[in-house]
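For reference, the structure discussed in these notes is given below.
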Amino acid sequence: MIRKAVLPVAGFGTRCLPASKAIPKEMITIVDKPVIQYVVEEAVAAGIKEIVLVTHSAKAAIENHFDHHFELEHQLEAKGKTELLEELRNIIPSDVSIISVRQEEAKGLGHAILCARSVIGDNDPFVVMLPDVLVDADGRTPNDLAGMIKAYDETGNAQIMVENVPQEVAYKYGIVSLEGDAPEAGRHTPINGMVEKPKSGKEPSTLAVIGRYLLPGSIFPLLAETKPGAGGEIQLTDAIDELRSSHPVEAYRMEGDTYDCGFALGYLEATISYAKRHKSLGQDFKEILKKYVD
Ligand code: G1P
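When we follow the numbering used here, the leftmost residue of the sequence shown carries the number -2, and every step to the right adds one.
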């Protein structure tokens, strides 16, 4: 059973400036919730009970969002706004805990994950979820993360969620190479290599790492030894490529859609997609949208 997830949220989000100057990029709203809440809901839906935020002093708003707000709750109670009160109280189910650790220096994704080592330990498998990326299950259960956890439970192999991307954008991602054919959506297959941000034209495939990983605790000693790679940063991809020599690693091909909420167009697309399906706003939003279709 996988119960722990690590969410690296310490980054400054330079791709989201100026929106992310005074609020964390993870707190930017998609329809009526901050991006990070969608990611936490995805984790909870897949059975995660312990969420470890690897964070920074400038990003306390994220921890506050998942904490109780006594004055606000008291006021909503006094005014009889029970529905809203319940919604706020249920942002996190009572059996799910949020733990924060700090990343003191921005040394890359691999370094951020290493900061969670003392909380996760070297013996337990865990999930990594990059909060820039929304994985949209569109109501499907189990979601892709749960599918990946099932694949791990069945095989004991590390799982890396991938999707096919156009060849001309492969250089932006971690890219896997496979032993055989690309798996169908919802299936998984062994990888025989992984490279972070390959040079254009040198990518081993067009299957990109989209920001969901299921890793054994034995990744931590490898991360501790990983030297700076692409962009001068300690890359999780490099440690996973090293992991392959001691632990099988598979690519899990996702079924849902993804939105990269780390930049404005991604937010806008996610907003439209989620707003159209929103249970109370969806119909009115679709009407409004008609005015703007050229
Ligand atoms: C990170 C990972 C990369 C992955 C990407 C997905 O890169 O290092 O392997 O493909 O997230 O969004 P970043 O976007 O932080 O440069």
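Don't be surprised by glycine CBs; every beta carbon is placed ideally from N, CA and C.
* Asked: Taking DSSP as the reference, what is the three-state secondary structure of Gln100?
  -> Here Gln100 sits in coil by DSSP.
* Does the beta carbon of Pro180 come closer than 8 Å to any beta carbon on chain C? -> This model lacks chain C altogether, as it is built from one protein chain only.
* **When Ser277, Thr138 and Ala167 are compared against Glu252, the one with the closest alpha-carbon** => Comparing Cα-Cα distances from Glu252 to each of Ser277, Thr138 and Ala167, the minimum goes to Thr138.
* **Proximal residues to Ala261 (C-beta, below 6 Å), its chain only, five neighbours per side dropped** => Cβ neighbours of Ala261 within its own chain (closer than 6 Å, five residues either side excluded): none.
* Look at the Cβ atom of Val192, then the Cβ atom of Pro201, and state whether they are nearer than 8 Å. => For Val192 and Pro201, yes; Cβs fall inside 8 Å.
* Sort Ala43, Gly77 and Lys104 by Cα distance to Val93 and report the nearest one. => Residue Ala43 is the option with its Cα nearest to Val93.
* **Alpha-carbon spacing of Val132 relative to Ala2, whole angstroms** => So the two alpha carbons sit approximately 15 Å from each other.
* Along the chain, which unbroken stretches of the alpha helix (DSSP H) at least 4 residues long are found entirely within the stretch 183 to 228? -> Qualifying alpha helix (DSSP H) stretches, in chain order: 216 to 222.
* To do: Would you mind reading off the limits of the beta strand (DSSP E) that contains Leu265?
  => For Leu265, no beta strand (DSSP E) segment is defined; the enclosing uninterrupted segment is the alpha helix (DSSP H) at Ala261 to Lys273.
* Asked: Could you give the distance in angstroms between the alpha-carbon of Thr234 and the alpha-carbon of Tyr168?
  -> Rounded to the nearest angstrom, the two C-alpha atoms are 14 Å apart.
* **Minimum C-alpha distance to Phe123 - residue among Gln156, Gly8, His108 and Ile89** => Taking only the C-alpha atoms, the option nearest Phe123 is Gln156.
* Measuring CA to CA, which of Leu106, Ile33 and Arg0 is closest to Gly226? -> Among Leu106, Ile33 and Arg0, the Cα nearest to that of Gly226 belongs to Leu106.
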